[in-house]
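Novice: Pasting in a structure now, in structure tokens, and then I'll have a few things to ask.
In structure tokens, the structure reads:
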């Protein structure tokens with residue numbers, strides 16, 4: 001507060017002071033601030049007459065008051081205050097304008113909007129219209145499927161509405177009751193490798209690993225069939241197990257089975273090789289026999305081989321004489337007549353042989369097959385196999401509509417054997 005007190009007269013520009021120092025505290029253009037009746041007045045000074053007398057720019061409009069405390073406010077200070085008030089007012093007005101613009105966007109824009117705050121910062125987000133247009137509306141407490149919901153307030157109802165079956169409640173995995181994924185147990189995948197040198201090691205590994213699809217790169221065999229590089233299905237039930245392998249190059253199916261007791265003791269392995277077109281042949285009389293390297297000889301010297309006899313060549317040397325090269329002699333067993341077997345000759349409808357057959361095995365392993373006419377003089381006339389120009393035992397070609405099957409041995413380096421060794 002400034003020194004002394006002042007007296008103000010309603011509707012007068014004159015101000016008198018008591019104990020005041022107007023001459024030192026005020027100058028023309030300054031202001032005096034006084035509160036009269038609880039109302040503040042800011043009064044501009046036109047002139048300072050003395051330490052106790054001054055004249056206002058305009059008449060005082062308040063009630064007459066004497067002994068009022070007052071404050072001198074320099075013109076510069078009040079100008080600064082006024083400028084600050086103007087700036088604050090302008091800022092407030094800008095804020096109001098921003099608010100109007102912002103609310104306009106909030107209610108009318110269709111997508112994302114950017115609102116501006118009074119301090120000049122911005123905020124980007126969805127408009128009210130966008131929210132209203134994209135708001136999901138519940139029906140019976142649930143968001144409909146068409147609006148991205150499930151149409152139900154319960155998990156069971158949601159699954160039913162979405163067409164989810166019982167698998168939706170199962171975990172993915174290999175445990176019992178789980179949903180299998182592609183590749184589980186090798187199904188739909190590439191299978192697993194197992195590296196073992198004996199069948200005992202193989203079964204020990206497989207029963208620990210569990211059912212699935214496997215393959216070994218080792219030279220394991222079931223009977224004469226190689227399991228090397230071939231896909232296999234291993235499965236078990238309780239304490240018994242089976243391994244079913246399909247030869248990758250032969251297509252032959254081999255089965256090995258055992259139980260825990262046999263696996264633990266290294267005994268009791270049951271072996272079985274299934275017969276099919278890959279390991280049997282049909283002879284000229286329509287009978288199925290165990291196959292190995294088989295050649296079918298026809299009358300003209302033409303021939304057919306199975307996969308195991310690949311590389312064999314047949315040449316017709318003369319009537320009833322056929323030379324087989326690329327083999328290592330005959331490969332006969334009991335199923336083909338024993339040591340002197342290895343051949344199947346054509347029969348007539350009465351199951352009587354149509355030819356005699358002889359052979360020679362040369363030092364180089366090639367086989368010379370000789371065929372002769374064969375009659376049956378004790379048979380009825382229609383069954384004697386008599387042919388003009390030929391007597392019993394004369395050299396003759398194999399009957400044109402039939403063939404002779406020959407089972408031969410093959411060298412270790414044959415195409416088939418090399419393929420089996422990988």
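Numbering (UniProt numbering), first residue to last: 1 to 422.
Where a beta carbon is used, it is the ideal one built from N, C-alpha and C, also for glycine.
The model shown is predicted, which means the values in this text are computed figures rather than measured ones.
(1) Please return the same chain residues whose Cβ sits closer than 8 angstroms to the Cβ of residue 205, not counting the five positions on each side in sequence.
(2) For the beta strand (DSSP E) that residue 54 lies in, which residues bound it at each end?
(3) Starting from residue 318 and walking both ways along the beta strand (DSSP E), at which residues does that stretch end?
(4) Residues in its own chain within less than 7 angstroms of residue 394 by CB, not counting five upstream and five downstream?
(5) Could you tell me which of 167, 347, 341, 375 sits nearest to residue 360, measuring between CA atoms?
(6) Is it true that the CB of residue 236 sits closer than 9 angstroms to the CB of residue 423?
(7) May I ask you to report which of helix, strand or coil DSSP gives residue 101?
(8) Keeping to the same chain, check which residues put their C-beta closer than 6 angstroms to that of residue 67; ignore five residues upstream and five downstream.
(9) Measuring alpha carbon to alpha carbon, tell me which of 399, 256, 41 ends up nearest residue 240.
(10) Rounded to whole angstroms, what is the Cα-Cα separation between residue 353 and residue 392?
(11) Would the stretch 50-59 and the stretch 21-30 be scored as touching if the rule is three or more Cβ pairs under 8 angstroms?
(12) Would you call the stretch 123-143 and the stretch 103-112 in contact, with 3 or more CB pairs under 8 angstroms?
(13) Identify, in the order they occur along the chain, each residue of the same chain with its Cβ nearer than 7 angstroms to the Cβ of residue 320, setting aside the five sequence neighbours on each side.
(14) Would you report the Cα separation of residue 263 and residue 269, rounded to the nearest angstrom?
(15) For residue 175, is the classification buried or exposed, using 16 other Cβ atoms within 10 angstroms of its Cβ as the cut-off for buried?
(16) Going by other Cβ atoms of all chains shown within 10 Å of its Cβ, with 16 needed for buried, is residue 18 buried or exposed?
(17) Span of the beta strand (DSSP E) holding residue 50?
(18) Grouping DSSP H, G and I as helix and E and B as strand, with all else coil, what is residue 76?
(19) Distance check for residue 103 and residue 121, CA to CA, integer angstroms please.
(20) For residue 417, which three-state DSSP category applies?
(21) Rounded to the nearest angstrom, how far is the Cβ of residue 227 from that of residue 254, given a contact under 8 angstroms?
(22) What are the boundary residues of the beta strand (DSSP E) that includes residue 272?
(23) Going by C-alpha to C-alpha distance, which of 70, 74, 42, 71 sits closest to residue 59?
(24) Using the three-state DSSP reduction, which class does residue 215 fall into: helix, strand or coil?
(25) Should residue 294 and residue 405 be called a contact, given that it needs their Cβ atoms to be closer than 9 angstroms?
(26) From residue 182 to residue 199, what does the alpha carbon distance come to, in whole angstroms?
(27) Run the CB neighbour count on residue 250, radius 10 Å, all protein chains shown included, and call it buried at 16 or more, exposed below.
(28) So, helix, strand or coil for residue 372, using DSSP?
(29) Which residue marks the beginning of the beta strand (DSSP E) containing residue 67, and which one marks its end?
(30) Can you check whether the CB of residue 313 is closer than 9 angstroms to the CB of residue 302?
(31) Hey, would you say residue 165 sits closer than 9 angstroms to residue 157, going by beta carbons?
(32) Between the C-alpha atoms of residue 386 and residue 280, what's the straight-line distance to the nearest angstrom?
(33) I'd like to know whether the C-beta atoms of residue 278 and residue 408 end up nearer to each other than 9 angstroms.
(34) Going by DSSP, which residues form a beta bridge with residue 407?
(35) Going by alpha carbons, who is nearest to residue 286 out of 311, 347, 242?
(36) Can you find the residues in the same chain that come closer than 6 angstroms, C-beta to C-beta, to residue 173, ignoring five residues on each side of it along the sequence?
Specialist: Taking the coordinates as given:
(1) 194, 196
(2) 53-56
(3) 313-318
(4) 372, 373
(5) 341
(6) What is shown of the chain runs 1 to 422, which leaves residue 423 out entirely.
(7) helix
(8) 5
(9) 256
(10) 12 angstroms
(11) yes
(12) yes
(13) 370, 371, 372, 395, 396, 397
(14) 8 angstroms
(15) exposed
(16) exposed
(17) 39-50
(18) helix
(19) 16 angstroms
(20) helix
(21) 7 angstroms
(22) 270-273
(23) 42
(24) strand
(25) yes
(26) 29 angstroms
(27) buried
(28) strand
(29) 65-68
(30) no
(31) no
(32) 33 angstroms
(33) no
(34) 294
(35) 347
(36) none
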